[in-house]
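Enquirer: I have a structure I would like to understand better, so I am pasting it below and will then ask my questions one at a time.
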Amino acid sequence: MFQLFRYRIPSKYTKEFQDTYGYINVKQVTILATLVLFIAFGVRLTSIFYQHEFVSMPNLIHYNQLNWIQLSGSVTFILISGYALKSAHWTTTGRNLLVLVFCLFLLTTSFTVSYLFSLFNPKNTLTIFLTGVVAVSVFFALEFKQIIIISIYIVLLFIAAMVIPDISNQQKLLNVIMSGVLAFFMYACSRYSYYFKAEQFVKVKQLEEKNAEVLLLNHQKSEILGFVAHDLRNPLNNIEALTRIVLEDNPDFGSTEMQLILSSTRQAKSIIDDLLEIAQHNKTPFQLQTTNMIAFMNNICNNWQRNLNNERKIIFHAPPQELVAAVNPSKLTRVIDNLIGNSLKFSKSETPINIDVSKSDQSCLISITDFGIGIPLSLQQMLFDPFSKAGRPGLKGEKSIGLGLHISKQIIEQHGGSLTVNSRENEGTTFQITLPFIAA
-6 MFQLFRYRIP SKYTKEFQDT YGYINVKQVT ILATLVLFIA FGVRLTSIFY QHEFVSMPNL
54 IHYNQLNWIQ LSGSVTFILI SGYALKSAHW TTTGRNLLVL VFCLFLLTTS FTVSYLFSLF
114 NPKNTLTIFL TGVVAVSVFF ALEFKQIIII SIYIVLLFIA AMVIPDISNQ QKLLNVIMSG
174 VLAFFMYACS RYSYYFKAEQ FVKVKQLEEK NAEVLLLNHQ KSEILGFVAH DLRNPLNNIE
234 ALTRIVLEDN PDFGSTEMQL ILSSTRQAKS IIDDLLEIAQ HNKTPFQLQT TNMIAFMNNI
294 CNNWQRNLNN ERKIIFHAPP QELVAAVNPS KLTRVIDNLI GNSLKFSKSE TPINIDVSKS
354 DQSCLISITD FGIGIPLSLQ QMLFDPFSKA GRPGLKGEKS IGLGLHISKQ IIEQHGGSLT
414 VNSRENEGTT FQITLPFIAA
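Listed below in structure tokens is the structure:
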């Protein structure tokens, strides 16, 4: 509890907090001044329509004067605060002074209303004044000096209010005690409000700093990853080239071992390509071009069918009408190749791979379906995460580091589309790509 009274915002955030809440406090002045204006104007209109009832009200002259003070004062504060919000010449000190003066104005007018209602004995009716006290405490983040000044001002208001009425010393003592209670109440509520606003501000700033650190580390990680992957390419290319030369010059010399070296080299280069794709994500320009999706997909299917030498069957379905979409052909080819490769890895050789291109509303749909082992529900939730546990060996032991689907999803999202999966264990898997299309 006492921490609220001793609380000081950490020094590194003090200036920014004061600047930020100095501006917010001025906005609150505009809002509350507008509210006071509407209330005062409403009272003025009511007095016009119900003039006879108001004539018999005690202290009518004082109410009338107070109403004009509220109208003129609220308009003045609306104009000044509006200028302070727009002007770059207003300093934080100037804004704080404006807020302090408005708080004193609000407390004075609300106290005067209570004072008149109570027939010049302020301790009798404090409802309106308490409304002003709560408004100042809750709506503004007041600095320590400001709230001390306001608390002292409350005590002085009560002391000044005892000059006019003829009340006993006992009543005067009770008024002084009441002023002290209200001043402390004002101070406690204001510090409570200040504490939570400051704490929230500090936490947000600390979170922003952490996010900036994470972004920097992520950027550095991507750069290091890109450098390492790029430097690994050259020795792997040399190994692959030398292995091919040895095989060409001596076909019978360790052909099994040489083929294994070639296969391992290709796999390592594929992993490096995946790492480079992640490292360069969103760094290189993403060029799109208008593409006939049916012809595009048909060409990919034919290439796969030729490379498979009829060992597997790829069945392609497409509508007769042309479907045109804006895509990056090389990037999208990589996605399709990855999805077809996965379908081949996780299904038996006697089962076909179905590839369908269709139209749905304003989208081009590409579905790649296998009838393999499927994906457990527990793995589907992390399927598109990088290096996730969903990366598992194929039916023939093909290795995976779990980057292909993550990269594929990124590429499709860069196209403004989506990549989803629907799978059941031991029944098969369907990956569906949704791309915005251009009507032919």
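If you're matching positions, the sequence shown starts at -6 in the working numbering and goes up one per residue. Virtual Cβ for every residue (Gly too), placed ideally from N, Cα, C. Keep in mind that this is a model prediction, so the values were computed, not measured.
1. When you compare only the Cα positions, how much space is there between Tyr188 and Phe151?
2. Can you tell which of Pro429, Thr236 and Ile17 has the C-alpha that lies nearest to the C-alpha of Gln355?
3. From Asn168 to Ser40, what does the alpha carbon distance come to, in whole angstroms?
4. Helix, strand or coil: how does DSSP classify Val174 here?
5. Rounding to the nearest angstrom, what Cα-Cα distance links Ile170 and Lys79 in this structure?
6. Taking the CB atoms as reference points, tell me whether Phe137 and Phe122 lie closer together than 7 Å.
7. Are at least three pairs of beta-carbons, each pair with one atom in the segment 317 to 330 and one in the segment 286 to 294, less than 8 Å apart?
8. Tell me where the beta strand (DSSP E) around Asp330 begins and ends.
9. Should Ser183 and Ile145 be called a contact, given that it needs their Cβ atoms to be closer than 7 Å?
10. Three Cβ pairs or more, each shorter than 8 Å: is that satisfied between the segment 93 to 101 and the segment 32 to 39?
11. Determine whether the beta carbon atoms of Leu412 and Lys402 lie at a separation below 7 Å.
12. Taking 8 Å as the cut-off, does the segment 4 to 12 touch the segment 187 to 203 (at least 3 CB pairs, one atom from each stretch)?
13. Whose C-alpha, out of Gly367, Thr284 and His310, is nearest the C-alpha of Asn295?
14. Am I right that Ile366 and Ile348 are in contact with their C-beta atoms under 8 Å? What's the rounded C-beta distance?
15. DSSP state of His310, grouped into three classes?
16. Between Asn321 and Asn285, what straight-line distance do the alpha-carbon atoms span, to the nearest angstrom?
17. Would you check if the distance between the CB atom of Thr23 and the CB atom of Ile62 is smaller than 7 Å?
18. Under 7 Å Cβ to Cβ from Asn419, same chain only, skipping five residues before and after it: list those, please.
19. Distance check for Ser336 and Ile238, CA to CA, integer angstroms please.
20. So, at 6 Å on beta carbons, what are the nonlocal neighbours of Phe95 in its own chain, with the 5 sequence-adjacent residues on each side left out?
21. Roughly how many angstroms separate the alpha carbons of Thr258 and Glu250, rounded to a whole number?
22. For Asp363, write down the residues that DSSP places opposite it in a beta bridge.
23. Would you check if the distance between the CB atom of Thr422 and the CB atom of Asp330 is smaller than 7 Å?
24. If you check the beta carbons only, do Ile359 and Ile426 fall under 7 Å apart?
25. Would you mind stating whether Ala26 and Ser65 have Cβ atoms separated by less than 7 Å?
26. How many angstroms separate the CA atom of Thr236 from the CA atom of Ile254?
Expert: Reading it off the structure:
1. 28 Å
2. Pro429
3. 31 Å
4. helix
5. 43 Å
6. no
7. yes
8. Unbroken run through Asp330 is the alpha helix (DSSP H), Pro322 to Lys338; no beta strand (DSSP E).
9. no
10. no
11. yes
12. yes
13. His310
14. About 19 Å; that fails the 8 Å criterion.
15. strand
16. 12 Å
17. no
18. Ile366 and Gly367
19. 33 Å
20. Val22 and Phe70
21. 12 Å
22. Thr422
23. no
24. yes
25. no
26. 7 Å
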